[in-house]
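Take a look at the structure below.
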Amino acid sequence: MTAPPRILLDCDPGIDDAFALLCALKFTGLDAITTVSGNVSINNTTRNARFIMELAGADVPVHRGASAPLEVDGVAADEIHGASGLGKLKTPESARPESNVGAVEAIIDYCAGGDATIVATGPLTNIALAVQQDPTLPERIGHLFWMGGGTEGGNVTERAEFNAWVDPHALDITLRSGIPLTMFGLNLTHQVLMGQPEIDALRSAGTATASMLADFLEFYRENGARHVAGQPMHDPCALLGLTHPDLFETNKSHIVTSTIDDEDRGRTFVNEPQTNVEHYVAVRANAPQVIDLIVQAAIDPTPAA
Ligand code: RIB
Ligand code: CA
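Structure below.
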C-alpha cells in the first residue's frame with residue numbers, strides 16, 4: 000500500500016473545516032495545520048483546530064495565521080458556523096498549546112524541500128502572505144488543493160463564494176503566483192450534500208467524535224443555505240480530491256478573479272479548458288462515495304493506511 004500524501008492544511012474551522020481536518024487525519028499524513036480568520040476570528044479558528052486535534056487524539060502542530068484579509072475588512076460567517084465556529088459548542092481550550100511558529104513561517108518552512116502539497120479550505124490570506132514574503136515559494140509547491148470559488152454563482156454574493164470574496168487580493172496573488180492549483184468550487188461542493196442520513200449514521204456510531212460531529216452537522220444544516228437533500232459539505236471535497244482523485248473529474252482551465260469592490264469582487268472567472276496552464280477546476284464528484292469517506296473519518300479519524 001502506498002504511503003498517504005504528506006500535507007499542510009490551511010483552514011478556518013468552521014464546521015466543514017472540522018470534517019476536513021478529520022479526513023486529513025484519516026487519509027493523509029497531516030504534518031501541520033495553519034489557521035486563518037474567515038468563518039470566525041483567528042482566535043476561534045485556532046482554538047477550534049487545536050480542539051479538533053485533541054478530540055481526535057492527534058498531535059499535529061497548529062500555527063496561528065492572519066487575523067484579517069490583506070486589504071479589505073474582515074467578515075465572519077458565525078451565523079452559519081456558530082459564535083465559536085463549531086455550532087453551539089463553546090470550544091474549550093485544548094491542553095495542546097498552539098505552536099510558537101506563525102503560519103507564514105510554517106508554510107515557508109514546510110515547502111523548503113520542494114514539491115509540497117497544501118490543502119486550503121479558507122480564505123488564501125496565509126498563502127498570499129507567504130508568497131509575498133518569499134516570491135520563490137511557488138517553485139517549491141507541488142500542488143495546492145483549494146476549496147473556494149466556483150463556476151456557477153456565489154454564496155456570499157450572487158457571483159462570489161465566501162473564501163474567495165473574503166480575501167480577493169489573496170486569491171489574486173495566489174492565482175497569479177504560478178502555484179499549480181485545483182479549485183473545488185461551489186459548482187462541485189453543491190453536489191456533496193449531507194443531511195439527516197449522515198447525522199443518523201454519526202449518532203449511531205457511538206463515539207464521542209462522531210456524536211460531536213453530528214451536533215455540528217445538525218447546527219450547520221439548520222443554519223446554512225437551504226438545500227432539500229442536505230447541506231453542502233465544502234471543505235472535505237478539497238482534501239478528498241487529493242486523496243481519492245478517482246472520485247472527482249477536473250478540467251484544466253485558467254482561473255482569474257477580480258479585486259475591484261463591486262458585484263464581481265472575488266468572482267472566479269474560468270476560461271475554456273486549456274493545456275498550457277497549471278489550474279484545474281473540479282467539475283464532478285462521486286457524491287455517495289465522497290460522503291461515505293467523510294462519515295468514515297468523522298466516526299474514526301485514525302489513519303486508514
Ligand atoms: O463557501 C464555503 C467555504 O467558506 C467553506 O470553506 C466554509 O468553511 C467557509 O470557509
Ligand atoms: Ca472553510
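Note that numbering that gives the first Met the number 0 has the sequence shown beginning at 0, numbered continuously upward.
Built from N, CA and C at the ideal position, the CB exists for glycine as well.
| Check | Outcome |
| --- | --- |
| Quick one: using the 10 Å Cβ neighbour count with 16 as the cut-off for buried, is I79 buried or exposed? | buried |
| Check L88 in the structure and name its three-state DSSP category. | coil |
| Quick check: the Cα distance between L8 and T33, rounded to an integer number of angstroms? | 6 Å |
| Name the DSSP bridge partner or partners of F268? | V255 |
| So the candidates are P244, V100, R283; which of them puts its Cα closest to the Cα of T188? | R283 |
| Once DSSP output is grouped into helix, strand and coil, what is the label at N186? | helix |
| Ordered along the chain, which non-local residues of its own chain (more than five positions away) have a Cβ less than 6 Å from that of G223? | I79, Q230 |
| What residue from L246, G13, E157, T1 has the CA that sits closest to G81's CA? | G13 |
| Check whether the segment 261 to 274 and the segment 151 to 162 are in contact - that is, three or more C-beta pairs closer than 8 Å. | yes |
| If we require 4 or more residues per run, which alpha helix (DSSP H) segments fall completely within the segment 15 to 45? | none |
| Report the residue from V280, C10, L238, P244 whose alpha carbon sits nearest the alpha carbon of V255. | V280 |
| Of the residues G73, V39, I198, which one's Cα is nearest the Cα of V165? | G73 |
| In this structure, does DSSP put A207 in helix, strand or coil? | helix |
| Provide the residue(s) that pair with Y109 in DSSP beta bridges, ordered along the chain. | None, per the DSSP bridge assignment. |
| On the criterion of 16 or more Cβ atoms from any shown chain inside 10 Å, does D15 qualify as buried, or is it exposed? | buried |
| Around the Cβ of S203, are there at least 16 other Cβ atoms within 10 angstroms (buried) or fewer (exposed)? | exposed |
| By the DSSP assignment, the alpha helix (DSSP H) with V165 in it spans what residues? | 161 to 165 |
| Between which two residues does the beta strand (DSSP E) holding T116 run? | 115 to 119 |
| For the beta strand (DSSP E) holding H243, just list the boundary residues, first then last. | Per DSSP, H243 belongs to no beta strand (DSSP E) and is neither H nor E. |
| Could you tell me if the beta carbon of N154 falls within a distance shorter than 7 Å of some heavy atom in ligand 1? | yes |
| With 8 Å set as the bound, which would you pick, yes or no: does the beta-carbon of L29 sit closer than that to a beta-carbon of chain C? | No chain C is part of this structure, which consists of one protein chain only. |
| State yes or no: is the C-beta of L128 within less than 8 Å of the C-beta of A297? | no |
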